[in-house]
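Read the structure below first, then the notes.
Residue numbers (our numbering), protein chains in the order written: chain X, 1 to 366; chain L, 1 to 366.
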C-alpha cells in the first residue's frame with residue numbers, strides 16, 4: 001500500500017472524523033428525497049416549479065433581482081465574466097492568482113471565451129483596495145473570492161469590500177463575487193448575504209460546499225444579466241432537461257445547514273487552536289474567519305504522512321485523507337468544519353491532540 | 001385558458017397516454033435508487049467506481065476503446081467537434097441543416113468554439129453519400145444524426161452509412177455520430193450498436209430519450225480522443241463533483257429498456273398506420289424506422305388543436321400536449337413510443353382512432 005492509500009484508508013476507517021458532513025454517498029441524495037412525493041414534476045430545460053421556486057428563494061436570499069441554477073460554479077463564473085466582457089467590449093478581467101478559474105478549470109475562460117486574466121495580487125495575500133486601484137480601467141470585471149480558499153480561507157475587511165465596490169462603480173468595472181463559500185463567512189462579517197451581495201454586480205454561490213448538497217451553483221444578478229446567463233448556460237451544455245436531483249438536494253441541505261455556519265466557525269476556531277498548540281504545526285489563518293483553514297507543517301509530506309496515519313489509527317479520529325506539498329520542504333492539508341465534529345466525544349479530541357503534540361515532539365523536537 | 005393550456009390539460013388528465021414512458025417526475029429518480037445501498041460512494045470529479053464502471057460498460061456496448069459520461073449531449077457533441085477541428089487545424093464541420101447543434105444550442109459551437117458549420121443537404125431529406133462527396137476536404141468532421149429527428153426520424157440505409165464512412169476515412173474527414181436515438185434504430189438496421197459505431201470515429205448517445213433516464217450522455221471514441229474530451233468537459237463546467245444521480249438512473253433504465261426497442265418500433269408502426277388511416281392525417285415517415293415519427297395535418301394549428309382537445313377528453317387517451325406550426329397552414333406533433341402504449345386497452349385505441357377519423361371528416365371533409 002502506498003503512503004497515500006495508507007492515509008486514505010486510516011482516515012476512512014476512523015470511528016470519527018474531524019471535518020465535513022460525512023461521506024459523499026448516495027444516502028445523501030436519498031435522504032433529501034425522502035419527504036418528496038413521487039408525483040413532484042421535474043423541471044424542464046430551466047422551467048417548472050421546482051427550479052423556478054428555488055431560484056426565487058435564492059434571489060431573495062442574496063438580495064438580487066434574479067437567480068439561475070447552474071450545474072457547476074465553473075460554468076456559472078465563466079459565463080458571468082463573459083457577459084461583463086461582452087458588455088464592455090473588452091475581454092480582460094482581474095482576479096487573485098490562485099483563483100479557481102486560474103488553477104482548477106483547465107483554462108476554460110481563455111480556451112472557450114478568449115478572456116485574458118490579470119492577477120490582482122501576490123499569491124499569498126488577500127486582495128486590497130490598492131490592487132484594484134492599480135488596474136486603472138483596463139479590465140471589464142474584477143472577481144473577488146470570499147474567502148480566498150487557497151490561502152486558508154482569508155478575508156479582506158468589510159470596509160475594504162465597500163471601498164473596492166465603490167471604486168469599481170466609479171471606474172465602470174463590474175464586480176463579481178466568487179462566493180463558493182459565501183454562507184460560511186456571514187458569521188464573521190456579521191452581515192446578511194444580501195448586505196454583502198449588494199456590493200457586487202453578480203454573485204455565484206456553491207450548493208455543495210458549506211451546505212453539503214450533491215452539486216450545483218447559483219448565479220445571481222439583475223434581470224438583464226441573468227437572462228443572458230441562461231442563453232450561455234444552453235451554449236455550455238448546462239441547460240439540462242432535468243436538474244432537479246441537484247435542486248431538491250440543495251434546497252433540503254440549505255434548510256438543514258445554512259443556519260449552522262456560526263457553529264462551524266466556532267468549531268473551526270477551537271480546532272485551529274488545538275492544532276496551533278501542537279509542536280511544529282500552525283494554521284492559516286491563525287484564527288479562522290470561516291469554517292475552513294489550512295494546517296501547515298514545516299516538514300516534508302513524506303515525514304508527516306506516517307505521523308498522521310499512526311495518529312488516526314490510535315486515536316480513532318480521522319484528521320485528513322491527504323497531505324499536499326507546499327514547496328520548500330513543507331506541507332499542508334485543508335480542514336472544513338461541518339456536522340461531523342459535534343459527534344466526537346470531547347475527551348477523545350483532547351487525547352488526540354495531546355498525542356499529536358507528543359508524536360511531533362518525538363519525531364521533530366530538538 | 002389558452003388553447004395550448006387546454007391541450008396540455010386534456011393531455012395530462014387522460015387516463016392513458018399514447019407515447020413515452022410516463023410523466024417525468026421525481027418518482028423516476030427514486031425508483032432508480034430503490035435498490036441502491038445508502039453507502040454507495042459518490043463519483044468524485046469523474047473518478048470512482050460508479051462512473052468508471054458505467055463508462056466501461058458503455059464503451060463495451062458501443063464497441064469503442066473508452067467512453068465518458070457527460071451531463072448533456074450539447075456539451076459532448078460540441079467537444080467532439082472541437083477536438084476533431086483542433087486535430088486538423090480547421091474550424092469547419094458539416095451537418096444536416098436541422099441538426100440539434102444548429103437549432104437547439106443557441107449557436108454554442110460558434111460562440112464558444114468559433115467553429116463554422118456547412119449544411120450537408122436540404123432540410124427535408126436525409127444525408128446521402130453525394131452530399132458528403134460534394135464537401136471535398138474542406139471540413140474537419142461530418143456529423144450524422146441517426147435518426148434525423150426533425151424530419152420525423154428518417155434514416156439513410158446501412159449501405160449509405162458504410163459508403164460515407166469509407167469516403168470520410170479516405171478524405172481524412174472525421175465522422176461523428178449524433179446517436180441521441182441510436183438504440184432506437186438498432187432493430188430497424190438489425191445491427192448491434194458496436195457494428196454501427198465502428199463506422200464512426202466518435203459517438204454520442206443520450207441517456208434520457210429512448211431509455212428514459214433523468215439526463216446525461218455518453219461520448220465514446222479512442223483513448224486519445226476521450227482523454228481530451230475530459231479536459232474540455234472540465235472547461236465547459238461539466239466535470240461535476242458528483243454526477244451519480246444521472247449515472248445510477250441511466251444504468252437502471254438502460255437495464256430496463258435497452259432490450260425493448262424492437263417492441264417500441266413495432267408499436268410505432270402500428271400507431272403510425274392508425275394515424276394514416278384517419279382522414280387528413282399522415283405520418284412522416286409513413287412507416288417508422290424507430291420509435292418516433294411525426295403526425296402531420298394539412299390544416300392550421302388553430303383548427304387542429306380543438307379536435308385533439310375534444311378527442312383526448314372523450315377517448316381518455318392522451319395523444320399530444322402540443323401542436324406545432326410547420327409553415328403554409330399545416331401543423332404537426334412528434335410521437336415517441338415507450339412503455340405507456342402497452343398499458344392502453346386495445347379496444348380503447350381502436351375507438352379513439354375511429355373517433356379521430358370521424359372528427360376530421362366532420363371538420364375538414366368535403
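Glycine is no exception: its CB is placed at the ideal position from the N, C-alpha and C atoms.
Look at residue 293/X here: in three-state DSSP terms it is strand.
By the neighbour-count definition (other C-beta atoms within 10 Å, threshold 16), residue 178/L is a buried residue. At least one beta carbon of chain X lies nearer than 7 Å to the beta carbon of residue 25/L. Under the three-state reduction of DSSP, residue 2/X is assigned to coil, being neither helix nor strand. For residue 286/X, no beta strand (DSSP E) segment is defined, and its DSSP state is neither H nor E.
Distance from the CA atom of residue 217/X to the CA atom of residue 203/X, rounded to whole angstroms, is 10 Å. Within 7 Å of the CB of residue 215/L, the CB atoms of chain X belong to 240, 241, 242, in sequence order along the chain. Non-local C-beta neighbours of residue 65/L in its own chain, meaning closer than 6 Å and more than five positions away in sequence, comprise 222, 223, ordered along the chain. By alpha-carbon distance to residue 104/X, the top candidate from 359/L, 232/L, 267/L is 232/L.
In the DSSP assignment, residue 231/X falls within the unbroken alpha helix (DSSP H) covering 223 to 235. Contact annotation, residue 297/X with residue 281/X: C-beta distance approximately 6 Å; criterion of less than 8 Å satisfied. For residue 21/L, no CB of chain X lies under 7 Å from its own CB, so it is not counted at the interface with that chain. Here residue 82/L is buried, its C-beta having at least 16 other C-beta atoms within 10 Å. Residue 345/X counts as exposed, since fewer than 16 other beta carbons sit within 10 angstroms of its beta carbon.
Close to residue 208/X, with beta-carbon spacing below 7 Å, are these residues of chain L in chain order: 241. Identification of residues in the region 33 to 44 of chain L having a C-beta nearer than 8 Å to some C-beta of chain X yields 33, 36, 37, 38, 39, 40, 41, 42, 44, given in sequence order.
Neighbours of residue 155/X in chain L, taken as residues whose beta carbon is under 9 Å from its own, are absent, since the nearest beta carbon is some 24 Å off. Residue ranges of uninterrupted alpha helix (DSSP H) with 4 or more members, entirely inside the region 231 to 276 of chain X and ordered along the chain, are 244 to 257, 261 to 276. Between the C-alpha atoms of residue 100/X and residue 25/X there is a straight-line separation of about 25 Å. When beta bridges are read from the DSSP output, residue 44/L appears opposite 47/L. Just so you know, the alpha carbons of residue 268/X and residue 320/L end up roughly 56 Å apart. The C-beta distance from residue 161/L to residue 120/L rounds to 14 Å, too long to meet the 8 Å contact threshold. In this structure, DSSP gives residue 104/L a state outside helix and strand, which the three-state scheme calls coil. In the three-state scheme derived from DSSP, where H, G and I count as helix and E and B as strand, residue 140/X is classed as coil.
In this structure, 67/L is the residue among 67/L, 38/L, 62/L with its C-alpha nearest to the C-alpha of residue 51/L. C-alpha of residue 352/L to C-alpha of residue 328/L: approximately 28 Å in a straight line. As the crow flies, the alpha-carbon of residue 235/L is around 27 Å from that of residue 97/L. The C-beta of residue 337/L comes no closer than 7 Å to any C-beta of chain X. Distances from the CA of residue 323/X to each of 317/X, 303/X, 253/X were compared; the closest alpha carbon is that of 303/X. Within the region 164 to 232 of chain X, the runs of alpha helix (DSSP H) at least 4 residues long that lie entirely inside it are, in chain order, 182 to 189, 193 to 197. A contact between stretches requires three or more CB pairs, one per stretch, nearer than 8 Å, and the region 247 to 255 of chain L meets this requirement with the region 27 to 36 of chain L.
Rounded to whole angstroms, the separation of the alpha carbons of residue 16/L and residue 79/X is 43 Å. Residue 360/L has a beta carbon lying at 7 Å or more from every beta carbon in chain X. In the three-state reduction of the DSSP assignment, residue 346/X falls in the helix class.
With fewer than 16 other Cβ atoms inside 10 Å of its own Cβ, residue 361/X counts as exposed. At least one CB atom of chain X sits nearer than 7 Å to the CB of residue 29/L.
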